[in-house]
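Its first residue numbered 3, the sequence shown is counted upward by one per residue in my numbering.
Ideal placement from N, C-alpha and C gives every residue a C-beta, glycine not left out.
Everything below concerns the one structure shown next.
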Amino acid sequence: MTTPAAPLDLDTFDGSRRELRRELRRRRRALTPEQRRLASQRLCRRLRRLPEVQRASRVALYLPNDGEIDPTPLIGWLRRRGARVHLPVLKPLSRNRLWFVHYHAGTPMVHNRFGIPEPETRHGAHRARRLPAWALDLILLPLVGFDARGQRMGMGGGFYDRSLAFTRRPGPRPRLIGLAHDCQQVSELPVEPWDVPLDAIASDARVIRP
Numbered sequence: 003m004t005t006p007a008a009p010l011d012l013d014t015f016d017g018s019r020r021e022l023r024r025e026l027r028r029r030r031r032a033l034t035p036e037q038r039r040l041a042s043q044r045l046c047r048r049l050r051r052l053p054e055v056q057r058a059s060r061v062a063l064y065l066p067n068d069g070e071i072d073p074t075p076l077i078g079w080l081r082r083r084g085a086r087v088h089l090p091v092l093k094p095l096s097r098n099r100l101w102f103v104h105y106h107a108g109t110p111m112v113h114n115r116f117g118i119p120e121p122e123t124r125h126g127a128h129r130a131r132r133l134p135a136w137a138l139d140l141i142l143l144p145l146v147g148f149d150a151r152g153q154r155m156g157m158g159g160g161f162y163d164r165s166l167a168f169t170r171r172p173g174p175r176p177r178l179i180g181l182a183h184d185c186q187q188v189s190e191l192p193v194e195p196w197d198v199p200l201d202a203i204a205s206d207a208r209v210i211r212p
């Protein structure tokens, strides 16, 4: 059992949104490898108990980068249940949008312009290997920060916000769960008009449903 971290109090943080993002990234990078490993285990145990994770057969998650909490121990459990796992890929010739490409042991991987491993673009370009975001059952996405109301802060590039803007309209949509280390919680985050709402936020210490 882990002791929940104290949220970062914005009343005592005199800085811009960019500086807040930098501080929260510093917090997660400061965790030791052992702390990250244990946090990942605790997170995945919580995720396996969530009904939307148990029901999902088409799931997108991410490979951790820059100290992000690691959801990849969930992959084996998902596959044993018969679920297909997809990874986000930077969509070619499109500004800050994502594809979601089927991922397995034989998927050819490259590093994108941010240094993050992703399925190779020509491999992912085949329609049989990728899904539109609306066809997924569940997307687990990384967060830089979150608060107790379920508001979230991303990396600032708008990749998920642009790719998931359709979820504001009627029609089929995946469930969206943001993932973070508990030390990335802040007292309150401002809501931006372009922020896509999440169905839940999960950390190594808690699950928050807005």
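By the Cβ neighbour-count rule, THR74 is exposed, with fewer than 16 other Cβ atoms within 10 Å of its own.
In this structure, the straight-line span from the alpha carbon of THR123 to that of VAL112 is close to 8 Å. Between PHE161 and LEU100, the C-beta spacing is below 8 Å.
LEU181 sits away from ARG60, with the two beta carbons spaced by 8 Å or more. DSSP places ARG170 within a helical segment (H, G or I) once states are collapsed to three. Between the region 182–195 and the region 48–55, the count of C-beta pairs closer than 8 Å stays below three; the two stretches do not touch.
Where GLY160 is concerned, there is no enclosing alpha helix (DSSP H), because DSSP gives it neither an H nor an E. At a cut-off of 3 residues, the continuous stretches assigned as beta strand (DSSP E) that sit fully inside the region 107–148 are 111–113, 119–121 and 140–144. A Cβ-Cβ separation of about 6 Å places LEU49 in contact with ALA204 under the 8 Å criterion.
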